[in-house]
Structures are given as structure tokens and as C-alpha cells.
Amino acid sequence: MLTLNNLMPEPLRERLSGKTSSIWKSTVQFEPGEWINVTAPSGTGKTTFIHILYGLRKDYSGTALLNQTDLRSLDPDALAVIRQQKISIIFQDLKLFPHLTVIENIELKRILHEPSCGAEQVTAMAEQLGIAGILNQPAAICSYGEQQRAAIIRALVQPFEWLIMDEPFSHLDNNNTMKAAALIAEECKRRRAGFIITDLDENNLFPYNRKLHL
Amino acid sequence: MTSLDNLLKKLIRNSAGHLRYTVAIMGLSIAVFLLLTAVQIQVNYNELLHGRNNRDSIANFLVINKQLTDASLGKTALEDSVIQNIRSQPFIESVGMLTPGRFRASIQSKSDRFPFYTDISFEAIPESFIDVNGINWTWNESASYVPVIIPNMFLDMYNFQFSLSQNLPQLTPDVVKMLLFTITVYGPKGTAAFNGKIVGFSDRISSMLVPTEFMDWGNRHFATEQIKNPSRLIIRTRDPGNPALTDYLRKHRLTTDTEKTRFSKYRQIVDTVVAISGISGALMLLFALLIFTLFIQLTIASCKEEINLLITLGASPDQLSRFLMNRFFPPNAWMITISFITLMILQFFLSRYLEHQQMVISGIISVYTLGVAVLLGILIWCVNRKTIRNYIYPGS
């Protein structure tokens with residue numbers, strides 16, 4: 038369970054004062070397995086919100102709890118365990134290693150901890166998203182769309198209870214977005230995992246349990 | 011299938027330069043070798059000085075007796091209280107009695123080619139004080155001959171003075187050892203004759219020595235005098251140049267042979283070699299560790315972005331530290347092992363060489379050297395680990 042109490046990022050305090058939000062300065066609880074869509078216009082802290090949930094930022098007031106554990110109180114090794122087993126992420130800026138091949142980028146995440154899926158499943162996912170042909174190319178020479186699909190697969194090859202996604206389809210066309218969403222839904226169902234997806238506008242890509250406005 | 015280590019190797023490259031790395035490893039190797047050498051030299055030296063096997067070693071044995079003055083004439087026997095007092099001094103490791111023969115004796119050659127006859131007296135000391143190796147230093151009534159050790163200077167006096175003036179042939183130690191002569195012991199109840207044979211030459215004691223068993227037997231059956239305290243003692247001391255020892259001897263009107271101070275020269279040389287080797291080894295170790303630490307820092311700094319992204323993606327700092335330790339420490343462990351093996355080989359050949367010089371040291375490297383090698387391994391492991399963890403953990 039994810040519990041947010043009176044969250045307010047320090048750098049955005051002035052900008053967000055006086056604005057209403059379902060998350061900032063509110064108490065919100067996300068139940069295990071819930072699929073949540075968070076929408077907000079640019080500059081209102083979507084990426085900051087995702088980074089707080091992933092334990093990357095500590096410059097905020099309030100608390101973010103994962104199963105009653107304050108994410109800010111975790112030491113780097115304990116946080117790594119959370120990132121390997123509990124929370125997976127798709128970054129807006131993808132964060133691939135440019136000189137590793139696509140398959141190496143995915144493998145790195147898969148074998149960082151006990152793998153939750155086999156190498157053949159990775160190939161199957163790559164085929165499903167149409168990037169099987171570029172698996173052995175360095176990430177640096179792939180298009181943004183290909184890199185984004187690689188980042189999506191990378192997030193799905195580890196065990197997780199929550200998948201958090203920061204505008205995960207921003208570089209994909211409709212067709213590829215539908216395929217990627219189907220794969221994400223399938224993997225989350227298989228794990229009975231919840232997800233939080235941030236986007237600029239509302240969408241109906243998933244049967245959301247909740248839609249929130251940041 | 012690609013392993014995690016292979017992927018991490020691709021990401022965390024040795025971008026700090028192979029030359030720097032080679033220099034760091036070589037520096038560490040030499041430093042470790044010098045330090046281990048210093049320890050082993052010290053151990054060898056101690057073994058030569060104090061080892062029981064080194065009869066002809068540079069250990070410090072002193073024969074002491076009362077100063078002979080007009081007042082002490084005829085009263086040179088050392089009282090029990092004096093002997094006890096000597097024994098209790100901290101600078102004296104052990105004390106051996108020179109048991110004098112209380113019977114008359116003579117020796118006579120059995121060879122016509124080399125005739126001699128002389129009255130003689132014997133002394134006996136405990137076997138552990140004898141500086142002749144590899145002899146059967148014992149006697150019983152059924153033995154075919156009595157082994158005798160004579161002072162080296164007797165042979166020198168014969169070869170370089172007596173033989174020249176008397177037109178007699180010079181004799182090598184080996185030839186002397188082949189001569190068989192008759193020892194005749196005289197007592198109130200008659201005489202007894204034995205075969206005698208010189209089995210060795212001593213630099214340490216200026217007496218004709220026979221085994222304690224023979225001396226006890228002779229004193230029991232042929233003594234003409236009552237048992238009396240010995241006049242001379244042999245002591246084993248760590249340092250004959252110790253002022254406390256010389257003070258003690260002077261205060262108790264005891265004397266010893268001052269020639270023994272020559273051994274202190276060996277000690278100075280060994281001390282100097284150990285000091286130079288140890289100090290330069292320690293300094294080199296310090297610098298080499300510094301270079302190696304810098305090398306690790308540079309490697310991590312040049313891959314900082316990759317390391318940060320790995321941690322962001324979920325690699326634990328502990329996982330990365332272990333990977334880096336596995337990368338940096340094994341060459342160090344190999345370097346220590348190779349230095350140790352090199353020293354083992356050198357030690358083996360040194361022991362063989364010294365054996366020819368009648369000096370016995372172990373052919374196997376000492377447990378202290380092994381201990382220091384292990385300690386150096388632990389030290390380098392700690393320095394590597396601390397450096398890596400300092401730079402790998404977020405916020406450092």
C-alpha cells in the first residue's frame with residue numbers, strides 16, 4: 038500500500054500554493070493492485086511526484102509511505118531492495134545506457150535481482166512491441182520510439198508490486214501505444230500489481246480504478 | 011547469456027589508464043616483498059641467534075669465571091649463591107656448568123707416523139652449549155671411543171707455530187678427526203685406557219671437552235679430589251654488549267672473553283638491513299597504497315554517471331562495491347601471493363647456502379612472515395573497501 042500524507046515538494050511550494058490538487062497537501066492511499074491515472078499540465082510536478090514515489094527525491098515536506106515504511110528514511114541499500122522487488126519505473130527521459138545494446142539494457146535490469154521472467158519472455162515482449170530486430174543495436178542509435186519501448190520492457194522484466202510511469206508513451210504512435218499498454222496491463226495483471234501513470238491528458242488506455250488530478 | 015558482472019564491466023571501465031594501474035600494482039608488489047623480506051630476515055637472524063640447532067651460530071655464549079687476583083688465588087670456585095644469582099638475571103637466558111675433571115689423564119698417539127704424548131685435563135658442558143653440529147655427543151662404557159672436542163685455536167697453534175718449528179706435517183681438521191689416540195685415566199685404584207677421537211673443533215670454549223657421561227664416570231671412579239663447585243660457567247645471553255651484563259660482571263668481579271663482541275657487528279649489519287628493508291618497504295607501501303587509492307577514485311569518478319544510473323535503476327551500492335572489490339582486490343591478493351612465493355623460494359636457497367656455512371635456518375618461511383602477509387592482505391582489503399564505499403555511496 039502507498040500512503041501519501043501532506044506531500045509538498047519544496048522547490049514547487051510557491052508555484053503550487055493556492056492551487057487545488059488531489060495529491061499535493063492531501064492524504065491519499067493507493068491500495069495494492071490499484072491502477073491509477075494522474076493527469077496534470079506541464080510544470081505542475083508530475084516528474085517530481087514520480088521521483089518522490091521512487092525515492093529519488095527527499096526535498097519535500099509530508100511523508101510517502103510504502104507498506105508503512107517512510108521512503109525517505111531508507112538507506113541506499115534498502116532503497117535498492119525496494120527498486121529491485123517492489124517498485125519498477127518507466128522514466129520520462131528513459132535513462133538507458135547509450136553504449137549498451139537494447140538487450141543489454143533490458144538484461145541488466147532483469148538479472149539485477151532474481152529474474153522474474155526468462156530471457157525468452159524478453160524476446161517475446163520485444164516481438165510484441167516490434168523491437169526484436171534492434172535488440173543488438175546500441176541504445177544510442179535507436180530512435181526515441183524504440184528507446185521508449187526498450188525502457189517499457191526493461192521496467193516489466195523485474196518483480197514489482199507497483200509500476201510507476203512518467204508519460205511512458207510520449208514518443209509512441211497510437212498503434213505502438215496500444216501494444217505497449219496491452220503488454221503493461223498483461224504484466225501487471227500477472228503480478229497482481231498496481232500502477233500509477235502520469236500524463237498530460239486523461240486517456241482510456243487502461244481500465245483505471247482511479248483518476249486523479251495533480 | 012550475459013552475466014551481471016560482464017554488463018557491469020562494460021559500464022565501469024578501467025578508464026584511469028593501464029600505465030597508472032601497472033605502476034600501482036608494481037609499487038605495491040615491491041613494497042610487500044620488502045616488508046616480508048624484513049620480517050623474514052629478522053626471523054632468520056633470531057633463529058641463528060637463539061635457535062638450539064645452531065651450534066656454530068652467531069648466538070652469544072660467554073664463558074665467565076672469577077677475576078684472578080692475588081686475593082682470589084685458589085678461591086676461584088663459584089659459590090652456589092653466585093650461580094643462582096647469575097641464573098636469575100634477566101639478561102641471561104641459560105647457564106651451563108663447566109664440569110672439571112677431578113682426575114689425572116693423559117693422551118698418547120697410536121700412530122708411529124705422528125707420535126705424541128701429553129698430560130691433559132678435560133671439561134664437560136651440557137650438550138646445548140656445544141658449537142659443533144652433527145656429532146654423536148654421548149658416551150657409555152661399551153662405546154668404542156671417547157669423543158673429544160678441542161678448541162679451534164689448538165689446531166691453529168699446531169699448524170702455524172708448532173709444526174713449522176718442529177718440522178712436522180701440517181694437519182687439516184679432517185685428518186685430525188681420523189687420528190685415534192689412547193686416553194689414560196689415573197686414579198687411586200689404578201688406571202684405565204680408552205680410545206679417543208677428536209670429533210670437532212670449538213670456537214666457543216677453550217677447553218678439551220668430553221661428554222658429560224664420560225666426565226661423570228671418570229669423576230666417580232678416579233677422582234682424587236672431593237666434589238667442588240665449578241670455576242667456570244657458560245652463559246647464553248641475548249646481548250653480550252648489554253651494559254647491565256657488563257656492569258653485573260664488574261660488580262661481582264667476574265670476567266669473560268671480550269673477543270665475543272665481534273658478534274655484535276653481525277647484529278648491527280642485520281639490524282641495518284632489516285631497518286632499511288622495513289622502512290623503505292613501509293614507505294613504498296604507503297605511497298603505493300596512495301597511488302592505488304587514487305586509481306580507484308579515478309576509475310569511479312570517470313564512471314560516476316554510469317554508477318549513479320545503476321543505483322537509480324536499482325543496483326545496490328553494496329552490490330556495486332562488491333563488484334568493484336572483486337575487480338580491484340584479486341590483483342592485490344595475487345601480488346601478495348607472488349611476493350610470498352618468491353620469498354619462499356629465496357628462503358629455501360638461503361637455508362641451503364647457509365647450511366654449507368654451518369648455520370642452520372629453516373628452509374620454510376616463518377609463520378610470522380605468513381602472518382604479516384595475511385595482515386598486509388587485510389590492510390589492502392580494508393583500504394580498497396573503504397575507498398570504494400566512500401565513493402560509491404550516494405552523497406559521498
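Those protein sequences? They're chains A and B, same order as listed.
Numbers in this note's numbering are just positions in the first sequence, counted from 1, shifted up by 37.
Numbers in this note's numbering are just positions in the second sequence, counted from 1, shifted up by 10.
Glycine included, each C-beta is placed from N, C-alpha and C at the ideal position.
Residue i (DSSP reduced to helix, strand or coil)
i, result
"A/ASP97", "As written in the sequence, residue 97 of chain A is Tyr, which differs from the Asp given in the question. The answer is strand: DSSP assigns A/TYR97 an E or B state."
"A/HIS208", "coil"
"A/ILE233", "strand"
"B/GLN94", "helix"
"B/ARG246", "strand"
"B/LEU319", "helix"
"A/TRP72", "strand"
"B/VAL142", "coil"
"B/ASP226", "helix"
"A/LYS248", "strand"
"B/TYR127", "strand"
"A/GLU239", "coil"
"A/SER153", "coil"
"B/SER67", "Residue placement at B/SER67 is poorly supported in this model, since its pLDDT is 46, which falls under 50; the coordinates still yield a value, given next. DSSP places B/SER67 in coil when its eight states are reduced to three."
"A/VAL65", "strand"
"B/LEU14", "helix"
"B/ASN54", "helix"
"A/ILE124", "strand"
"B/ASN239", "coil"
"B/LYS76", "strand"
"A/ILE148", "coil"
"B/PRO183", "helix"
"B/THR271", "Note that B/THR271 scores a pLDDT of 47, beneath 50, so its modelled location is shaky; the value from the coordinates is reported in the next line. Residue state, collapsed to three classes: helix."
"B/SER406", "With a pLDDT of 49 at B/SER406, under the threshold of 50, the modelled position of this residue cannot be trusted; read the value that follows with caution. It is coil, neither helix nor strand."
"B/GLY387", "helix"
"B/ILE22", "coil"
"A/ASN173", "coil"
"B/VAL280", "helix"
"A/ILE189", "helix"
"B/MET167", "helix"
"A/VAL118", "helix"
"B/TYR196", "strand"
Residue from the options with nearest C-alpha to residue i
i, options, result
"B/ALA285", "B/SER13, B/GLN50, B/ALA34 and B/TYR31", "B/GLN50"
"B/ASP90", "B/THR109, B/ASN239 and B/ASN56", "B/ASN239"
"B/LEU17", "A/PRO69, A/THR57 and A/GLU141", "A/GLU141"
"B/LYS314", "B/VAL393, B/LEU296 and B/ILE398", "B/ILE398"
"B/SER241", "B/THR86, B/ASN70 and B/ARG23", "B/THR86"
"A/TYR91", "A/MET202, A/LEU249 and A/LEU220", "A/MET202"
"B/CYS392", "B/ILE374, B/LEU364 and B/SER331", "B/SER331"
"A/SER170", "A/CYS154, A/HIS150 and A/VAL139", "Checking the sequence, you will find Gly at residue 170 of chain A rather than Ser. It is A/VAL139 whose Cα lies nearest to the Cα of A/GLY170."
"B/PRO157", "B/ASN177, B/ILE117 and B/ARG395", "B/ILE117"
"B/TRP227", "B/THR47, B/ILE145, B/SER349 and B/PHE113", "B/PHE113"
"A/LYS248", "A/GLU47, A/SER54, A/SER58 and A/MET38", "A/SER58"
"B/THR265", "B/ILE244, B/ILE279, B/VAL283 and B/ASP281", "B/ILE244"
"B/THR347", "B/SER39, B/THR282, B/LEU29 and B/LEU21", "B/SER39"
"B/GLY291", "B/THR352, B/LEU356 and B/THR47", "B/THR47"
"A/ASN241", "A/ASN211, A/PRO48, A/LEU102 and A/PRO152", "A/ASN211"
"B/VAL370", "B/ILE140, B/VAL377 and B/ARG362", "B/ARG362"
Closer than 8 Å at the beta carbon, the chain B residues around residue i
i, result
"A/ALA117", "ILE321, GLY324, ALA325, SER326, PRO327, ASP328 and GLN329"
"A/LEU137", "LEU17, LYS20 and LEU21"
Where residue i meets chain A, residues with beta-carbon distance less than 7 Å
i, result
"B/LYS19", "Within 7 Å Cβ-Cβ: nothing; B/LYS19 doesn't reach chain A, min ~11 Å."
Chain A contact residues for residue i, given Cβ-Cβ distances below 8 Å
i, result
"B/TYR6", "There is no way to answer for residue 6 of chain B, as the model of chain B reaches only from 11 to 406."
Proximal chain B residues relative to residue i, where beta-carbon distance stays under 7 Å
i, result
"A/ARG186", "Going along chain B, no residue has its Cβ under 7 Å from A/ARG186, so there is no contact; the nearest lies around 17 Å."
"A/GLN121", "GLY324"
"A/LEU145", "LEU17"
Under 9 Å by beta carbon: chain B residues contacting residue i
i, result
"A/GLU157", "Here the premise fails: no neighbours, minimum Cβ distance about 11 Å."
"A/ILE89", "In chain order: nothing, as chain B lies at least about 14 Å away."
"A/LYS132", "LEU319, THR322 and LEU323"
- Give the residues from the segment 303-331 of chain B that approach chain A closer than 9 Å (Cβ to any Cβ), ordered along the chain. GLU316, LEU319, LEU320, ILE321, THR322, LEU323, GLY324, ALA325, SER326, PRO327, ASP328 and GLN329
- Query: Do the segment 162-172 of chain B and the segment 121-133 of chain B meet, that is, are 3 or more Cβ pairs less than 8 Å apart?
  - Reply: no
- Message: So, does the segment 104-118 of chain A touch the segment 170-177 of chain A, judging by three or more C-beta pairs under 8 Å?
- Response: no
- Task: Indicate whether the contact test is met: 3 or more Cβ pairs, each with one atom in the segment 303-311 of chain B and one in the segment 123-140 of chain A, closer than 8 Å.
- Result: no
- Within 7 Å of chain A by C-beta, residues of the segment 330-360 of chain B in sequence order: none
- Message: Three or more C-beta pairs under 8 Å: does that hold for the segment 72-81 of chain B against the segment 182-198 of chain B?
- Response: no
- Message: Please list, in chain order, the residues of the segment 79-109 of chain A that have any C-beta partner in chain B closer than 9 Å.
- Response: TYR91 and LEU93
- Query: Is the segment 218-234 of chain A close to the segment 67-81 of chain A, with three or more CB pairs under 8 Å?
  - Reply: yes
- Query: Does the segment 233-241 of chain A come close enough to the segment 75-89 of chain A to have 3 or more Cβ pairs within less than 8 Å?
  - Reply: yes
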